[in-house]
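Enquirer: Would you mind keeping the following structure in view while I ask a few things?
2 protein chains.
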Amino acid sequence: MEDLKDYARQLGLEARRAARRLAVMQDSVKSEALRQIATSLRAEAEALLEANQRDVATAEAANLAAPLVERLRLTPRRIESMAEGVAQIASQIDPVGQTIQAYNRPNGLRVEKRRCPIGVVLFFYESRPNVTADAAALCIKSGNAVILRGGKEAMHSNTAIATIISRSIAAAGLPAASVQLVQTTDRALVPILLKQRDLIDLVIPRGGKSLIEAVVAESTIPVLKHFDGNCHLYVDQHIDGIEQQVIDVCVNAKTSYPGGAVCNAVEHILFHERAASRLLAKVCDALAARGVQIRADELARTLYPAAVPATSEDWTTEYLALIVGVKVVRSLEEAIQHINTFGSHHTDGILSTDRAACERFANEVDSSSVMINASTRFADGGEYGLGAELGISTDKLHARGPMGAADLTTYKWIVSGQGHVRG
Amino acid sequence: MEDLKDYARQLGLEARRAARRLAVMQDSVKSEALRQIATSLRAEAEALLEANQRDVATAEAANLAAPLVERLRLTPRRIESMAEGVAQIASQIDPVGQTIQAYNRPNGLRVEKRRCPIGVVLFFYESRPNVTADAAALCIKSGNAVILRGGKEAMHSNTAIATIISRSIAAAGLPAASVQLVQTTDRALVPILLKQRDLIDLVIPRGGKSLIEAVVAESTIPVLKHFDGNCHLYVDQHIDGIEQQVIDVCVNAKTSYPGGAVCNAVEHILFHERAASRLLAKVCDALAARGVQIRADELARTLYPAAVPATSEDWTTEYLALIVGVKVVRSLEEAIQHINTFGSHHTDGILSTDRAACERFANEVDSSSVMINASTRFADGGEYGLGAELGISTDKLHARGPMGAADLTTYKWIVSGQGHVRG
């Protein structure tokens, strides 16, 4: 226990020291480190695949569920896309030093809001090893030191990636402790880290609900939460000419990620009663043809009798599986009300040709991402042009939705005068 | 206890309902409510002064410290400035609906970040009654419902102001529960409120350190903290031609608020050794002439022997009184290091003619406000043009420094396609 306390303290102190230096690093240095990471990830893909194979073999031997093994797996394509993300972040404009706003006051004072790094980030994540590179790259770009704590199933993969990162940042001249991977899987370390408010500025847990709840309960440091995605699509009454699009978007939103096991997959589809009579059965047929189980309310079952009856529990459930809930509503208002009441405020979409309905839906649905005539699967940092994402915040404070490098900054007010005094 | 639980639940439920309606209110309606509040505050100044007199009399009878009685007191001028702040907020551009960023993606998707209200704010504050009007106005403008819990010493004043607010928002057609003043001084209500994460989105405690620490310890809702201001001024070696400005700014920063009892008053002045020999004694003389006690380190005392010797505890102390710590440093770096180590990251300033020194100080001092050749007393929402402030955040997440209406918003991503599906 004393050892763990010492280790936690050391992680925090080294991160704090590194953060002070990183905060004032030129972008050329930070970007060079990122380019080196991208190059090395590509050059050492073989070694990464080997390390990953050890994790995958252990997971399979332990009978880990198939979707979890899938998330854990690296492939040449996944390594390339990880390297590409890091390279993209390298070429972004440095968020640090950007002026958010600047203006002169009547008394001649000049007031500027200027972006600066937050400091030290503690990042928890689960099995996907590419997150190690994404998170390190976003933190370096934004001038923050990061302490990474990945899932123990991915320990060999994460260590291999972290080794490449360490070598690259040392070569570029960044402080070694800019990126630290926690070297123990002992869970007792977690509550100790979460109490170091003097050394850590922000905690981001990305993963299952129980991990996040545990972090929130223990932490005295501000936490940015990445909760579940109980996502909806609402099929409006105005769908003339977009019937096929509606079917395609519903199918894509549910099935484009293997097994539907991803937070931005659609979980429930609401049909306006006028759309239901025309399209509900066709959408359900298309989904069922892809192996999706349909759970429907009473009205929807009259139109698609093959559906399993939905219970009230269904509406709050994030299946993360090839299951979808289907319901008929009488109005746009009822759809908005349902989504705001039973949804998780992650990503919800409308399919409609009616401008006013789309605008009202966008304004009144209380979700981090609102999709208009597009698949919920686009809710993603890469798709939004952020290069990668640290996660998808379901919080309303600081950052909401997919988080990129700029979301890892705060700002300071810089006020310039000529000997101004206050009257 | 059951009564308190019911009351807490009722406050939260009514706020949530009001917030949903407020979020989509037109600005003309919100602004009309604010103009009515401003008009009524002016028209009913007599009644407000009377109610305030009851609070002041009780406080004086209870031998409350003079600066606290001073903060509690309303004057015709303070009422006018409260009304003026509300009117100014009314005329600001509505932050809700503002597009922060919008762009097209290569695949034709349009991505927009649009400001929207946070929802329900729970606001704790202490004795200054004008904060009731400031907070209500900022929350209404930004489309948030607010639950106000002021100090019990100001109960009569706050109730009188809240009555004016209720009447005005009803007349303008806003939901009555947009602004609710907590009607009990029972402290047992506080932890109950702080656990209602489903009904309250943000907690802002503004006041003493113990209040804030208690809120942070109890809350499962995100908290924006407003901690203490251990503010510094650094007098650089380059001060040719601005010697008198240096003296004036130091005196203003310490003494322009009665008794120095305000978070943006300077608490410690650091002199570069080359500036010290020329100016330290003059600055100390000017401060002493205004009744300020000087506490100095050893080097400073050789230049100003009348000073009280400072102890190591002094450097971390926010005096909130007519006391100032004075210290000689050997370099700009030492000043920055001292401020980042012993300060509270609130407001710190540099006095210098050297552009590079000012820029380096601004970049490296980790403070919410950095003053360049200006008094620390300018760190204030009104002075920054925000109309009023909800407080001065010492947090790095979400909002930092003085918080105005826009800081009470979050955003949503609105993504528009034409039947886009993800590949």
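Top line first, the protein sequences correspond to chains H and E.
At position 197 of the first sequence (counting the first as 1) the number is 197 in our numbering, and the numbers step up by one without a gap.
At position 218 of the second sequence (counting the first as 1) the number is 1218 in our numbering, and the numbers step up by one without a gap.
Quick reminder that beta carbons are idealized off the backbone N, C-alpha and C, glycines included.
Just so you know, these numbers come straight off a predicted model, no measurement behind them.
From F361 (chain H) to R42 (chain H), what distance separates their C-alpha atoms?
Expert: Taking the straight line from one Cα to the other gives about 43 angstroms.
Enquirer: Could you give the distance in angstroms between the alpha-carbon of H1346 (chain E) and the alpha-carbon of R1078 (chain E)?
Expert: Rounded to the nearest angstrom, the two C-alpha atoms are 25 angstroms apart.
Enquirer: Could you check whether V1096 (chain E) and S1166 (chain E) sit closer than 9 angstroms to each other, using their CB atoms as the reference points?
Expert: For S1166 (chain E) and V1096 (chain E), no; Cβs fall outside 9 angstroms.
Enquirer: Do R105 (chain H) and F123 (chain H) count as a contact pair if the criterion is CB distance below 9 angstroms?
Expert: No, the Cβ-Cβ distance between F123 (chain H) and R105 (chain H) is not below 9 angstroms.
Enquirer: Quick one: measure Cβ to Cβ for V120 (chain H) and I200 (chain H), integer angstroms, because I've assumed they're closer than 8 angstroms.
Expert: About 5 angstroms; that satisfies the 8 angstroms criterion.
Enquirer: Measuring CA to CA, which of E:E1014, E:T1376, E:A1306 and E:M1082 is closest to Y1427 (chain E)?
Expert: Nothing can be reported for residue 1427 (chain E): it is not among the residues displayed for chain E, which extend from 1001 to 1423.
Enquirer: K1456 (chain E) by DSSP, collapsed to three states: which one?
Expert: Residue 1456 (chain E) lies beyond the range of chain E shown here (1001 to 1423); nothing can be said about it.
Enquirer: Rounded to whole angstroms, what's the CA-CA distance from Q1010 (chain E) to S1219 (chain E)? Just pull it up for me.
Expert: Using only the alpha carbons, I get a separation of about 18 angstroms.
Enquirer: In three-state terms, what does DSSP make of A188 (chain H)?
Expert: In this structure, A188 (chain H) counts as coil in the three-state DSSP scheme.
Enquirer: H1226 (chain E) bridges to which residues according to DSSP?
Expert: Its beta-bridge partners are E:R1206.
Enquirer: Are the beta-carbon atoms of L390 (chain H) and M403 (chain H) separated by less than 9 angstroms?
Expert: Yes, these two residues count as a Cβ contact at 9 angstroms.
Enquirer: Determine whether the Cβ of N1340 (chain E) lies closer than 9 angstroms to any Cβ atom of chain H.
Expert: Judged by the 9 angstroms Cβ criterion, N1340 (chain E) is in contact with chain H.
Enquirer: Residues of chain E with a CB under 7 angstroms from the CB of N252 (chain H): which are they?
Expert: Neighbours of N252 (chain H) on chain E, chain order: V1421 and R1422.
Enquirer: Please list, in chain order, all residues of the same chain as G108 (chain H) whose beta carbon is under 8 angstroms from its beta carbon, the five residues on each side excluded.
Expert: Excluding residues within five positions, the ones whose Cβ falls inside 8 angstroms are G417, Q418 and H420.
Enquirer: Could you check whether I336 (chain H) and E267 (chain H) sit closer than 9 angstroms to each other, using their CB atoms as the reference points?
Expert: Result no, Cβ atoms of E267 (chain H) and I336 (chain H) do not sit closer than 9 angstroms.
Enquirer: Confirm, please, whether the CB-CB distance from T410 (chain H) to P117 (chain H) is below 9 angstroms.
Expert: Going by C-beta atoms, P117 (chain H) is nearer than 9 angstroms to T410 (chain H).
Enquirer: Quick check: S1157 (chain E) and Q1036 (chain E), are their CB atoms within less than 9 angstroms of each other?
Expert: Result no, Cβ atoms of S1157 (chain E) and Q1036 (chain E) do not sit closer than 9 angstroms.
Enquirer: When Cβ atoms are compared, which residues of the region 1179 to 1197 of chain E fall closer than 8 angstroms to chain H?
Expert: The residues in question: there are none.
Enquirer: In the DSSP assignment, what residue or residues form a beta bridge with K113 (chain H)?
Expert: For K113 (chain H), which the question treats as bridged, DSSP gives the partners H:Q101 and H:W413.
Enquirer: According to DSSP, H345 (chain H) sits in a beta bridge with which residue or residues?
Expert: Beta-bridge pairing links H345 (chain H) to no other residue.
Enquirer: Can you pull the chain H residues whose beta carbon is under 8 angstroms from the beta carbon of I1089 (chain E), in chain order?
Expert: Correct list: empty, because the minimum Cβ distance to chain H is about 17 angstroms.
Enquirer: Find the residues of chain H that neighbour W1413 (chain E), judging by a C-beta separation of less than 8 angstroms, and give them in chain order.
Expert: Within chain H, the residues near W1413 (chain E) are S368, S369, V370, A379, Y384, R400, G401 and P402.
Enquirer: From R1020 (chain E) to D366 (chain H), what distance separates their C-alpha atoms?
Expert: Taking the straight line from one Cα to the other gives about 9 angstroms.
Enquirer: Just list the residues that DSSP pairs G436 (chain H) with in beta bridges.
Expert: Within the shown structure, residues of chain H are numbered from 1 to 423, placing residue 436 (chain H) beyond reach of any answer.
Enquirer: To be precise: take each residue of the region 1117 to 1147 of chain E, compare its Cβ to all Cβ atoms of chain H, and keep it if any distance is under 8 angstroms. Which residues remain?
Expert: Per Cβ criterion, the list reads I1118 and G1119.
Enquirer: Is G1260 (chain E) near A1321 (chain E), with beta carbons less than 9 angstroms apart?
Expert: A contact, by the Cβ cut-off of 9 angstroms.
Enquirer: According to DSSP, what are the bridge partners of C1231 (chain E)?
Expert: Paired residue(s): E:V1266.
Enquirer: Skipping 5 residues on each side, what residues in its chain have a beta carbon closer than 8 angstroms to that of F1227 (chain E)?
Expert: If we look at F1227 (chain E) and ignore the five residues flanking it on each side, its Cβ neighbours are K1209, I1212, S1344, H1346 and T1394.
Enquirer: Classify P222 (chain H) as buried or exposed, calling it buried when 16 or more other Cβ atoms lie within 10 Å of its own Cβ.
Expert: Flag for P222 (chain H) reads buried.
Enquirer: Among residues of its own chain, excluding the 5 on either side of A133 (chain H), which ones have a beta-carbon nearer than 6 angstroms to its beta-carbon?
Expert: Counting only Cβ-Cβ distances below 6 angstroms, and skipping sequence neighbours, we find M82, V86 and I161.
Enquirer: Taking the DSSP output, what are the residues bridged to I1140 (chain E)?
Expert: I1140 (chain E) pairs with nothing; no bridge assigned.
Enquirer: For L4 (chain H), list the residues DSSP reports as bridge partners.
Expert: Paired residues: none, contrary to the question.
Enquirer: For C1263 (chain E), which residues in the same chain have their Cβ closer than 7 angstroms to its Cβ, ignoring the five residues on either side in sequence?
Expert: Answer for C1263 (chain E): D1228, G1229, H1346 and I1392, listed in chain order.
Enquirer: Taking M1371 (chain E) as part of the alpha helix (DSSP H), name the residues at either end of that continuous run.
Expert: From DSSP, M1371 (chain E) is part of no alpha helix (DSSP H) but of the beta strand (DSSP E) over S1369 to A1374.
Enquirer: Check each candidate in E:L1224, E:I1269 and E:S1256 and name the one with the smallest Cα separation from V1246 (chain E).
Expert: Taking only the C-alpha atoms, the option nearest V1246 (chain E) is E:I1269.
Enquirer: Have a look at H:C231, H:V203 and H:E44 and flag the residue whose alpha-carbon is nearest the alpha-carbon of K254 (chain H).
Expert: With distances taken between Cα atoms, K254 (chain H) lies closest to H:C231.
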